[in-house]
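*Asks:* Residue numbers (my numbering): 1 to 130. Right, I'll just put the structure down here and ask away after.
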């Protein structure tokens, strides 16, 4: 299932949720504890792996990602405007437009992914020195 937020796609992960299979409060508490342990394992794994691969985030890294996405968006729209002056754009021109859109979408998604990594505590953020 995808939820659209502005122009970004977020994919929700389906978790199995049994409906009223066990009314025993002890079993429910045990299940919640097991699920919390699973969630913590996923958190710790993400934090370890992402931190090892990316190191940390800072305002310069976010700015570079934002500029790259903005440039890709501008190139995509510039190409679309140029094509709007053509009566019958070629297959090659349309393919190029699609590649430019895909580049923009990928860069925008990567920016959002890095932001989520910071938000969730997977990636440490270093604030600029005052």
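Cβ atoms here follow ideal geometry from the backbone N, Cα and C, with glycine treated the same way. As the structure is a prediction and not an experimental result, all values here were calculated from the model.
Can you tell me which residues form a DSSP beta bridge with residue 57?
*Replies:* BP columns for residue 57 point to 125.
*Asks:* Return the chain-ordered list of same chain residues with a C-beta closer than 7 Å to the C-beta of residue 110, the five sequence neighbours on each side being excluded.
*Replies:* So the list reads 65, once near-sequence residues are dropped.
*Asks:* Using DSSP with H/G/I as helix, E/B as strand and the rest coil, what is residue 120?
*Replies:* Coil.
*Asks:* State the Cα-Cα distance for the pair residue 34 and residue 25, rounded to the nearest angstrom.
*Replies:* The alpha-carbon atoms of residue 34 and residue 25 are separated by roughly 14 Å.
*Asks:* Measure the beta-carbon distance from residue 80 to residue 107 and round it to whole angstroms, keeping in mind my assumption that it falls under 8 Å.
*Replies:* Actually they are not in contact, since the Cβ atoms of residue 80 and residue 107 sit about 17 Å apart, beyond 8 Å.
*Asks:* DSSP three-state label for residue 105, please.
*Replies:* In this structure, residue 105 counts as helix in the three-state DSSP scheme.
*Asks:* By Cβ distance, which residues of its chain are closer than 6 Å to residue 103, with the 5 residues on each side in sequence left out?
*Replies:* Excluding residues within five positions, the ones whose Cβ falls inside 6 Å are 72.
*Asks:* Here's a check: name, in chain order, each residue in its chain whose Cβ is nearer than 7 Å to the Cβ of residue 46, leaving out the five neighbours to either side.
*Replies:* Excluding sequence neighbours, residue 46 sits near 122.
*Asks:* Do you know how far the Cα of residue 57 is from the Cα of residue 93?
*Replies:* About 37 Å.
*Asks:* Using a Cβ-Cβ cut-off of 7 Å (strictly less than) and excluding sequence neighbours within five positions of residue 89, which residues of its own chain qualify?
*Replies:* Hits under 7 Å: 83.
*Asks:* So is residue 69 buried or exposed if we call it buried at 16+ other beta carbons inside 10 Å?
*Replies:* Looking at its Cβ environment, which holds 16 or more other Cβ atoms inside 10 Å, residue 69 is buried.
*Asks:* With DSSP collapsed to three states, give me the class of residue 79.
*Replies:* Three-state DSSP puts residue 79 in a helix.
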